[in-house]
Amino acid sequence: MSFEVNRIRKDFPLLDTQVAGKPLVYLDNAATTQKPAAVLDALDAYYRSYNANIHRGIHYLAEKATAAFEETRKAVRDFLHAGSTEEIIFTYGTTDGINLVANTYGRKFLQAGDEILISALEHHSNIVPWQLLCEEKGCVLKVIPIDDRGDLILEEFDRLLSEKTKLVSVVHVSNALGTINPVEYIIGKAHAAGAKVLIDGAQACSHIPVNVQELDADFYVLSAHKLFGPTGTGILYGKKELLLAMPPFRGGGEMIKEVTFEKTTYADLPYKFEAGTPNIADVIAFKAALDYLGTLDKEGLARHEHELLEYATAQLETIEGLRIIGKARKKISVVSFAIENIHPQDIGIILDQQGIAVRTGHHCTQPLMQCLGVPGTVRASFAPYNTREEIDALVAGLHKVKKFLS
Ligand code: PMP
Numbered sequence: 000m001s002f003e004v005n006r007i008r009k010d011f012p013l014l015d016t017q018v019a020g021k022p023l024v025y026l027d028n029a030a031t032t033q034k035p036a037a038v039l040d041a042l043d044a045y046y047r048s049y050n051a052n053i054h055r056g057i058h059y060l061a062e063k064a065t066a067a068f069e070e071t072r073k074a075v076r077d078f079l080h081a082g083s084t085e086e087i088i089f090t091y092g093t094t095d096g097i098n099l100v101a102n103t104y105g106r107k108f109l110q111a112g113d114e115i116l117i118s119a120l121e122h123h124s125n126i127v128p129w130q131l132l133c134e135e136k137g138c139v140l141k142v143i144p145i146d147d148r149g150d151l152i153l154e155e156f157d158r159l160l161s162e163k164t165k166l167v168s169v170v171h172v173s174n175a176l177g178t179i180n181p182v183e184y185i186i187g188k189a190h191a192a193g194a195k196v197l198i199d200g201a202q203a204c205s206h207i208p209v210n211v212q213e214l215d216a217d218f219y220v221l222s223a224h225k226l227f228g229p230t231g232t233g234i235l236y237g238k239k240e241l242l243l244a245m246p247p248f249r250g251g252g253e254m255i256k257e258v259t260f261e262k263t264t265y266a267d268l269p270y271k272f273e274a275g276t277p278n279i280a281d282v283i284a285f286k287a288a289l290d291y292l293g294t295l296d297k298e299g300l301a302r303h304e305h306e307l308l309e310y311a312t313a314q315l316e317t318i319e320g321l322r323i324i325g326k327a328r329k330k331i332s333v334v335s336f337a338i339e340n341i342h343p344q345d346i347g348i349i350l351d352q353q354g355i356a357v358r359t360g361h362h363c364t365q366p367l368m369q370c371l372g373v374p375g376t377v378r379a380s381f382a383p384y385n386t387r388e389e390i391d392a393l394v395a396g397l398h399k400v401k402k403f404l405s
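Taking numbering that gives the first Met the number 0, the leading residue of the sequence shown gets 0, the next gets one more, and so forth.
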């Protein structure tokens, strides 16, 4: 099966939008992906025909909604190649998943003087929860540096890792630079040193296959909205023995076995971590996104995205004064760049006037921008539905930016 981008574009209704009288060129997929019609239909079907609260009701609608909700859990288990649905916790997204681990595993098992290792590539959501934990517990946050290309310096990782390291929390794929980190290596080394590992998979899952058991990740987090699913829901995968040992995060309905005024006993996994009414519609529609992804030719998709990356890199480099920031050896289809003497935000505004959506600024990675010595970048990030013609439009748009602003 060849990869048919034009057919795929038809599955995403929003791509027909006009912006400023021009066809939308959506190159902000690392911020959020567009949704296929199947996801919109699943949301609509839930609210129109079986809206009910889940797990508690015995009536027809409640049972139908509960079954659909739990089908998503099975689909995520299969998608991540997890061992069991007990290890799949629904969260509000990647940020929520990391906060859950920091507040439960972190607060229970980390002590003053213990070290947490992150990398210079991290999103704020994989920095700030650990800083909060360090402030509370007296732990120490250490950072694996990157080289000029945007690759982690693994010798520095090896050097920083010690018997004091209790947790390593690193991004699988950098949202700002596209770097694919060697997480297998990191997990292996961290485990040998006695540390647990959390992988932030927010950007990885839509681009590369993830097998949490093969990786041997202790925790893996992601957001549905980066994976063609709805906003407001995501996943924490955790190894069963760790989840069993962790206290709950939020208290409330759903997460209990029995409540008295004296004492509460908690529900079994995974419900122990799912207090309150979850984001039912969005969880259900997330399965439609995973099913949709499952219909795409994986090899064709990887080839298409790689070609977009190579083409974009080559074309952008023809623009005088443009510097690509982040040339890691292994990258997903994300290109960050700066143009001499032009502020990234001005570039974004002028591109927007041409219907081209890119992201500008620090990409929630301020410390990374400080390491790179730039105030921010312009980032074009590609999805299966993007085309070479859209990259040509970006390049033409950038020539206009230069004409206006140089
Ligand atoms: N980590 C990475 C690498 C990300 O790209 C993002 C989203 N930009 C997040 C974490 C946070 O994800 P969310 O806002 O969906 O919680």
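In this text, a Cβ means the ideal position worked out from N, Cα and C, and glycines have one as well.
Check: Inter-stretch contact (C-beta, 8 Å, three-pair minimum) for the region 362–371 and the region 187–207; Outcome: no
Check: Cβ of Y46 within 9 Å of any chain D Cβ; Outcome: Reference to chain D is not applicable here, since this structure consists of a single protein chain.
Check: Rounded separation between D10 and E298 - CA only; Outcome: 19 Å
Check: Alpha-carbon to alpha-carbon, P383 and M0; Outcome: Summary for M0: the model assigns pLDDT 44, below 50, so the residue's position carries little reliability, and this model does not support an answer.
Check: Whole runs of the alpha helix (DSSP H) within the region 8–95, excluding any shorter than 4 residues; Outcome: 36–48, 59–79
Check: Counted within 10 angstroms of its Cβ, other Cβ atoms place S393 as buried (16 or more) or exposed; Outcome: It is Leu, not Ser, that sits at residue 393 in the sequence shown. Buried, because 16 or more other Cβ atoms sit within 10 Å of the Cβ of L393.
Check: Those runs of the alpha helix (DSSP H) which lie wholly inside the region 296–320 and span at least 4 residues; Outcome: 297–315
Check: C133, DSSP secondary structure in three states; Outcome: helix
Check: 9 Å Cβ cutoff met for D27 and V357; Outcome: yes
Check: Proximity below 9 Å, CB of L166 to CB of A191; Outcome: no
Check: N28: CB within 8 Å of a non-hydrogen atom of the ligand PMP; Outcome: no
Check: Distance CB(S160)-CB(K188) smaller than 9 Å; Outcome: Just to set this straight, residue 160 is Leu in the shown sequence, not Ser. Yes. Within cutoff.
Check: Extent of the continuous alpha helix (DSSP H) to which E396 belongs; Outcome: The sequence shown places Gly at residue 396, rather than the Glu named in the question. Its alpha helix (DSSP H) spans residues 387–404.
Check: Separation of F227 from T34, as counted between CA atoms; Outcome: For the record, residue 34 in the displayed sequence is Lys; it is not Thr. Using only the alpha carbons, I get a separation of about 5 Å.
Check: Bounding residues of the alpha helix (DSSP H) (the contiguous stretch that carries L289); Outcome: 279–294
Check: Sequence-distant residues of its chain with Cβ nearer than 6 Å to L321 (five each side left out); Outcome: L315, F336, I338
Check: Any non-hydrogen atom of the ligand PMP closer than 8 Å to K107 Cβ; Outcome: no
Check: Proximity winner among E3, K238, Y59, relative to T84 (alpha-carbon distances); Outcome: K238
Check: Buried or exposed by the 16-neighbour rule on C-beta atoms within 10 Å, applied to Y45; Outcome: buried
Check: beta-carbon N180 near the ligand PMP non-hydrogen atom, thresh 8 Å; Outcome: no
Check: Local Cβ density within 10 Å of K401, reported as buried at 16 or more and exposed below that; Outcome: buried
Check: Any non-hydrogen atom of the ligand PMP within 8 Å of S173 CB; Outcome: yes
Check: P277 classed as buried or exposed, judged by whether at least 16 other C-beta atoms fall within 10 angstroms; Outcome: buried
Check: beta-carbon L92 near the ligand PMP non-hydrogen atom, thresh 8 Å; Outcome: Before going further, note that residue 92 is Gly rather than Leu in the sequence given. Because some heavy atom of the ligand PMP lies under 8 Å away, the Cβ of G92 counts as near it: yes.
Check: Minimum C-alpha distance to E162 - residue among D113, N180, G149, E154; Outcome: D113
Check: Rounded separation between V220 and L404 - CA only; Outcome: 41 Å
Check: N125 beta carbon near the ligand PMP (any heavy atom closer than 8 Å); Outcome: yes
Check: C-alpha distance - A111 paired with I97, whole-angstrom precision; Outcome: 20 Å
Check: Between the CA atoms of N210 and P181 - distance to the nearest angstrom; Outcome: 14 Å
Check: Opening and closing residue of the beta strand (DSSP E) in which K195 lies; Outcome: 195–199
Check: Three-state secondary structure (DSSP) of R378; Outcome: strand
Check: The region 38–56 in contact with the region 281–289 per 3-pair CB rule at 8 Å; Outcome: yes
Check: Residue from Q369, T90, L151 with nearest C-alpha to G275; Outcome: T90
Check: Per DSSP, cross-strand counterpart(s) of F218; Outcome: L197, G237
Check: Check: A201 C-beta below 8 Å from any heavy atom of the ligand PMP; Outcome: yes
Check: Nearest-angstrom Cα separation, counted from I126 out to I117; Outcome: 7 Å
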